[in-house]
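Throughout the sequence shown, residue numbering follows mature numbering (1 follows the signal peptide of the UniProt record, and there is no 0), covering -19 to -1, 1 to 78 in sequence.
Reviewing the structure listed below.
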Amino acid sequence: MSALVLLCVITGLLRSSLGNRNCPDLIVESCHCSAERSKQLSRQQVRVRVVCDDVELMDTLQPSFLPNRTVSLNLNNNKISLLRNGSFYGLAALEKL
């Protein structure tokens, strides 16, 4: 039984570390992200897509918890009922919510 628990813990740790290795500045464990290079030659930047869907969030995340290069933030299927002014202040690259 203890070997099964240990295996579950190791699997969970590996999934969380691999899921965010592209975005080491993502602080929220229940979210995952993907990073891709911009296809525009004039803007060789990393574009970050963050997914925090179906994790029962009651409020938006603090922008400081997210990579500042976030261009897409998926908050589907949560319990957020209100968006406040400044909820995404500092996420200047954010294009899609």
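For every residue, glycine included, the Cβ atom is placed at its ideal position computed from N, Cα and C.
Member of the options whose CA lies at the smallest distance from the CA of residue i
| i | options | result |
| --- | --- | --- |
| L47 | N59, R30, R18 and D34 | R30 |
| S62 | H13, L38 and P5 | L38 |
| K60 | D6, E76, L42 and K77 | L42 |
| R18 | S45, V9, V52 and P44 | V52 |
Residue i versus residue j: straight-line alpha-carbon distance, rounded
| i | j | result |
| --- | --- | --- |
| residue 79 | V32 | Shown here, the chain extends from -19 to 78; a query on residue 79 therefore has no answer. |
| G67 | V27 | 24 angstroms |
| K20 | F69 | 25 angstroms |
| A16 | L72 | 15 angstroms |
| D6 | L64 | 23 angstroms |
Beta-carbon proximity check, residue i vs residue j, cutoff 8 angstroms
| i | j | result |
| --- | --- | --- |
| D34 | L56 | yes |
Proximal residues to residue i (C-beta, below 8 angstroms), its chain only, five neighbours per side dropped
| i | result |
| --- | --- |
| V(-15) | Confidence at V(-15) is low in this model, with a pLDDT of 43, below 50, so its placement is unreliable and no value can be given for it. |
Beta-carbon contacts of residue i that lie in its chain and below 6 angstroms, excluding the five residues immediately before and after
| i | result |
| --- | --- |
| R50 | V27, V29 and A74 |
| S11 | V36 |
| I8 | F46 |
Contacts around residue i, its chain only, beta-carbon distance under 7 angstroms, and the 5 residues preceding and following it disregarded
| i | result |
| --- | --- |
| C4 | C14, A16, V29 and P48 |
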